[in-house]
Amino acid sequence: MSPARIGIVGGGPGGLSTAMILSAKGFNVTLFEKSPTIGGRTSSLQVGHSKFDLGPTFLMMKFVLDKVFQDSGKKSEHYMKFQRLDPMYRLQFNKDTHMDCYDFSQRDKMLQELKRVVPEDVEGYQRWSEWETKRYERLIPLLQKAYSSHSDVVCMDALKALPYMQFQKSLHHMLSDFYQNPLSKLSFSFQAKYLGMSPFTCPAYYGIIPFVEHAFGVYHVEGGLSEIPRTMAVAASENGAHIKLGTPVKQLIIDQNSRQVKGVKVMEEGKEENEYYFDEVILNADFPYAVHHLIPNAENLLRQWKPSKIVKKKFSCSTFMMYLALDKEYPEIQHHTISFADDYSANLKAISEGYITDDLSIYVRNSCVNDKTVSPKGKSGLYVLVPIPNLIDSQGKIDWTNPTTIQKTRELVLKHLETRVGFEDLRNHIEAEKIITPIEWQSQHNVFNGSVFSLSHNLLQMLSMRPRNKFNELEGLYLTGAHTSPGSGLPTIFESGRMVSEMLCQKYGIPYTRSSLLESM
Numbered sequence: 001m002s003p004a005r006i007g008i009v010g011g012g013p014g015g016l017s018t019a020m021i022l023s024a025k026g027f028n029v030t031l032f033e034k035s036p037t038i039g040g041r042t043s044s045l046q047v048g049h050s051k052f053d054l055g056p057t058f059l060m061m062k063f064v065l066d067k068v069f070q071d072s073g074k075k076s077e078h079y080m081k082f083q084r085l086d087p088m089y090r091l092q093f094n095k096d097t098h099m100d101c102y103d104f105s106q107r108d109k110m111l112q113e114l115k116r117v118v119p120e121d122v123e124g125y126q127r128w129s130e131w132e133t134k135r136y137e138r139l140i141p142l143l144q145k146a147y148s149s150h151s152d153v154v155c156m157d158a159l160k161a162l163p164y165m166q167f168q169k170s171l172h173h174m175l176s177d178f179y180q181n182p183l184s185k186l187s188f189s190f191q192a193k194y195l196g197m198s199p200f201t202c203p204a205y206y207g208i209i210p211f212v213e214h215a216f217g218v219y220h221v222e223g224g225l226s227e228i229p230r231t232m233a234v235a236a237s238e239n240g241a242h243i244k245l246g247t248p249v250k251q252l253i254i255d256q257n258s259r260q261v262k263g264v265k266v267m268e269e270g271k272e273e274n275e276y277y278f279d280e281v282i283l284n285a286d287f288p289y290a291v292h293h294l295i296p297n298a299e300n301l302l303r304q305w306k307p308s309k310i311v312k313k314k315f316s317c318s319t320f321m322m323y324l325a326l327d328k329e330y331p332e333i334q335h336h337t338i339s340f341a342d343d344y345s346a347n348l349k350a351i352s353e354g355y356i357t358d359d360l361s362i363y364v365r366n367s368c369v370n371d372k373t374v375s376p377k378g379k380s381g382l383y384v385l386v387p388i389p390n391l392i393d394s395q396g397k398i399d400w401t402n403p404t405t406i407q408k409t410r411e412l413v414l415k416h417l418e419t420r421v422g423f424e425d426l427r428n429h430i431e432a433e434k435i436i437t438p439i440e441w442q443s444q445h446n447v448f449n450g451s452v453f454s455l456s457h458n459l460l461q462m463l464s465m466r467p468r469n470k471f472n473e474l475e476g477l478y479l480t481g482a483h484t485s486p487g488s489g490l491p492t493i494f495e496s497g498r499m500v501s502e503m504l505c506q507k508y509g510i511p512y513t514r515s516s517l518l519e520s521m
């Protein structure tokens with residue numbers, strides 16, 4: 001049998017995972033990326049003298065990325081230089097109180113920080129660690145499962161996990177079983193923001209996110225996390241995959257009667273439209289964007305995921321981004337800092353209701369303290385992320401087309417960084433900057449609604465209730481990325497690529513079985 005022809009729409013981590021693995025297994029793979037650089041939201045940008053990651057900056061569960069390379073006959077360490085961060089990050093609770101967080105390999109340091117800041121919760125941390133270790137062993141099989149129907153949720157793995165699912169609790173509520181001090185609860189629940197959610201509404205199921213940080217550590221990649229997709233593309237090409245950059249897919253070719261996806265229409269060299277036909281198509285583009293723009297006649301062709309139904313789904317928040325090229329370094333500031341609003345609950349409530357208040361929560365990466373390759377000597381680049389409402393939630397309340405809105409938010413952020421985080425006199429050291437609002441996320445990066453963390457992960461939009469990896473409404477279409485299973489975040493996106501690769505290998509009789517993520521415990 002001749003190798004099946006696989007077309008991949010989008011060069012993000014999910015699409016690249018499938019490109020690497022399937023090309024290694026002998027498939028004829030072609031990947032189309034609209035931008036001149038690979039990576040999607042995991043690509044890079046240059047601002048002034050500094051190189052920045054556009055999106056993700058945390059590498060958790062590094063072993064999932066390692067498995068993608070291993071499944072492709074490669075070793076990740078041959079392509080990238082990794083650094084396990086010590087500490088993982090600093091939590092800035094207010095101007096005078098902070099806590100540095102260390103993973104389990106530095107447990108003594110973590111215990112010292114807990115004793116210094118929240119001594120009443122040292123024992124709770126020990127109980128939390130033991131509980132989450134057991135939970136991880138029960139929940140990961142569900143996270144790795146590819147769901148073809150709702151009935152797939154009813155399985156032996158689910159029955160074993162049921163006592164640990166805590167469906168009746170939010171993440172913040174669950175932590176009350178272990179911690180007394182509000183700062184402790186915040187320290188082990190703010191990670192809900194990685195899903196674009198509030199810990200007060202995020203299902204307790206996702207308590208495994210802070211656990212995997214502490215259990216497996218947080219890594220930096222020299223040159224930034226954009227080196228991950230760049231080297232994945234190199235590895236895929238070495239395995240025979242064809243990577244076509246600057247080639248946006250304009251439409252999927254679909255037989256409207258059989259609902260069979262036949263191929264893609266692309267724009268090449270900015271002007272010429274060509275058609276490519278494949279046996280299977282993998283969609284790694286933003287799923288709601290694709291439904292609205294890439295699937296012809298989607299309103300009539302689709303049922304559960306038609307455009308008029310998608311807009312009624314619950315979406316994650318958006319972000320206000322600042323990429324600041326500075327003429328100096330701040331060596332005393334940690335690599336990662338999360339600085340919380342004075343009233344974090346009110347901050348999150350405002351975001352969910354579509355507003356921005358003066359009391360912001362801010363994440364900043366000061367990577368020059370560990371990586372000297374991204375800025376010239378004596379200079380640095382600050383990556384700044386502020387969670388804000390998405391475009392649907394903020395409609396009629398925030399006008400991002402108004403320069404005054406952008407300028408006011410910019411000033412709030414700079415003041416916070418100078419007075420709360422320790423970047424003294426910051427505004428006088430900015431040589432160049434770039435700002436991205438929800439409008440740019442949607443218009444320039446095809447992120448529907450500006451919701452950079454994809455569909456929300458509430459109880460009605462998790463596991464089998466997300467768009468399925470083998471899309472059930474069109475034949476020959478498979479999904480990878482944040483909108484499908486397992487969900488948002490680099491490790492789960494890598495795993496979505498492994499899931500789809502396994503499905504296609506099984507269909508075409510090619511040996512490949514994903515290894516369990518529990519092997520890394």
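Under the UniProt record's numbering, read the sequence shown as residues 1 to 521, first letter to last.
All residues carry an ideal CB built from backbone N, CA and C; glycine is no exception.
Starting from the C-beta of residue i, find all residues in its chain whose C-beta is less than 8 Å away, skip the five residues before and the five after it, and write them out in chain order.
| i | result |
| --- | --- |
| isoleucine 406 | Trp400, Ile435 and Thr437 |
| histidine 429 | Leu326, Asp327 and Lys328 |
| tyrosine 194 | Phe58, Ile209, Phe453, Ser488 and Gly489 |
| residue 522 | Past the boundaries of the shown model lies residue 522; the chain is included only from 1 to 521, so the question cannot be answered. |
| histidine 292 | Ala298, Pro307, Ile310 and Phe448 |
| valine 413 | Phe320, Met322, Leu360, Ile362, Val384 and Val386 |
Based on Cα-Cα distance, which residue from the options lies nearest to residue i?
| i | options | result |
| --- | --- | --- |
| threonine 97 | Ser316, Lys75, Tyr164 and Thr419 | Thr419 |
| arginine 498 | Gly14, Ser189 and Gly10 | Gly14 |
| histidine 330 | Ile356, Glu353, Asn366 and Ala298 | In the sequence on display, residue 330 carries tyrosine and not histidine. The option with the nearest alpha carbon to tyrosine 330 is Asn366. |
| glycine 476 | Val234, Asp255, Ala285 and Lys74 | Asp255 |
| glutamate 280 | Trp441, Gly11, Leu31 and Asp71 | Leu31 |
| tyrosine 219 | Pro87, Gln191, Val261 and Gln180 | Pro87 |
| tyrosine 164 | Thr133, Ala146, His416 and Met110 | Thr133 |
| asparagine 284 | His336, Gln83 and Ile493 | Ile493 |
| glutamine 83 | Gly224, Ser485 and Arg303 | Gly224 |
| lysine 408 | Arg468, Pro199 and Asp359 | Asp359 |
| glutamine 334 | Thr513, Tyr383 and His49 | Tyr383 |
| proline 511 | Val9, Phe27, Gly10 and Leu414 | Phe27 |
| glutamate 239 | Ser72, Glu495, Gly481 and Lys507 | According to the sequence as given, residue 239 is asparagine; it is not glutamate. The shortest C-alpha separation from asparagine 239 is found at Ser72. |
| glycine 396 | Asn370, Pro36, Gly354 and Ser308 | Gly354 |
| serine 202 | Phe211, Glu227 and His173 | For clarity, residue 202 is cysteine in the given sequence; the question names serine instead. Looking at the Cα atoms, His173 is the closest of the given residues. |
| lysine 51 | Ser375, Ser520 and Lys507 | Ser375 |
| glutamate 130 | Gln191, Phe211 and Leu111 | Phe211 |
| histidine 49 | Asn402, Ala432, Lys349 and Leu474 | Ala432 |
Please confirm whether residue i and residue j have their CB atoms less than 8 Å apart.
| i | j | result |
| --- | --- | --- |
| serine 237 | cysteine 101 | no |
| glycine 39 | arginine 230 | yes |
| valine 68 | isoleucine 21 | yes |
| leucine 143 | tyrosine 125 | no |
| isoleucine 6 | isoleucine 282 | yes |
| tyrosine 323 | asparagine 446 | no |
| glutamine 92 | serine 339 | yes |
| threonine 373 | glutamate 222 | yes |
| serine 170 | alanine 204 | yes |
| cysteine 368 | serine 352 | no |
| valine 122 | methionine 99 | no |
| histidine 416 | isoleucine 356 | no |
| leucine 479 | asparagine 469 | yes |
| methionine 197 | serine 394 | no |
| residue 526 | lysine 306 | The structure shown does not extend to residue 526, since the chain is modelled only from 1 through 521, so no value can be given for it. |
Buried or exposed: residue i, going by 16 or more other Cβ atoms within 10 Å of its Cβ?
| i | result |
| --- | --- |
| glutamine 444 | exposed |
| glutamate 332 | exposed |
| leucine 518 | exposed |
| phenylalanine 167 | exposed |
| glutamate 411 | exposed |
| threonine 404 | exposed |
| leucine 155 | The displayed chain sequence assigns cysteine, not leucine, to residue 155. The residue in question, cysteine 155, is exposed, as its Cβ has fewer than 16 Cβ neighbours within 10 Å. |
| glycine 12 | buried |
| glutamate 269 | exposed |
| proline 36 | exposed |
| lysine 145 | buried |
| lysine 377 | exposed |
Leaving out five residues before and five after residue i in sequence, what residues of the same chain have Cβ atoms less than 7 Å from its Cβ?
| i | result |
| --- | --- |
| tyrosine 276 | Gly7, Thr30, Gly263, Val264 and Val266 |
| phenylalanine 278 | Arg5, Ile6, Gly7 and Gly263 |
| asparagine 181 | Val118, Glu120 and Asp121 |
| glutamate 424 | Glu418 |
Below 6 Å CB to CB, which residues in the same chain sit around residue i once its five sequence neighbours on both sides are set aside?
| i | result |
| --- | --- |
| serine 501 | Thr18, Ile21 and Leu22 |
| arginine 466 | Thr484 and Ser485 |
| aspartate 286 | Asn446, Val447 and Phe448 |
| residue 524 | The question about residue 524 has no answer, for the chain in this structure spans 1 to 521. |
If contact is defined by three or more beta carbon pairs under 8 Å, each pair taking one atom from either stretch, is the stretch 76-84 in contact with the stretch 388-400?
Contact check between the stretch 388-400 and the stretch 76-84: fewer than three CB pairs, one atom from each, fall below 8 Å, which does not count as touching.
Count the CB pairs spanning the stretch 56-65 and the stretch 206-224 that are closer than 8 Å, and state whether there are at least three.
Result yes; three or more Cβ-Cβ pairs closer than 8 Å.
Check whether the stretch 306-318 touches the stretch 447-456, counting contact only when three or more Cβ pairs, one atom from each stretch, lie closer than 8 Å.
Cβ pair count under 8 Å is three or more, so yes.
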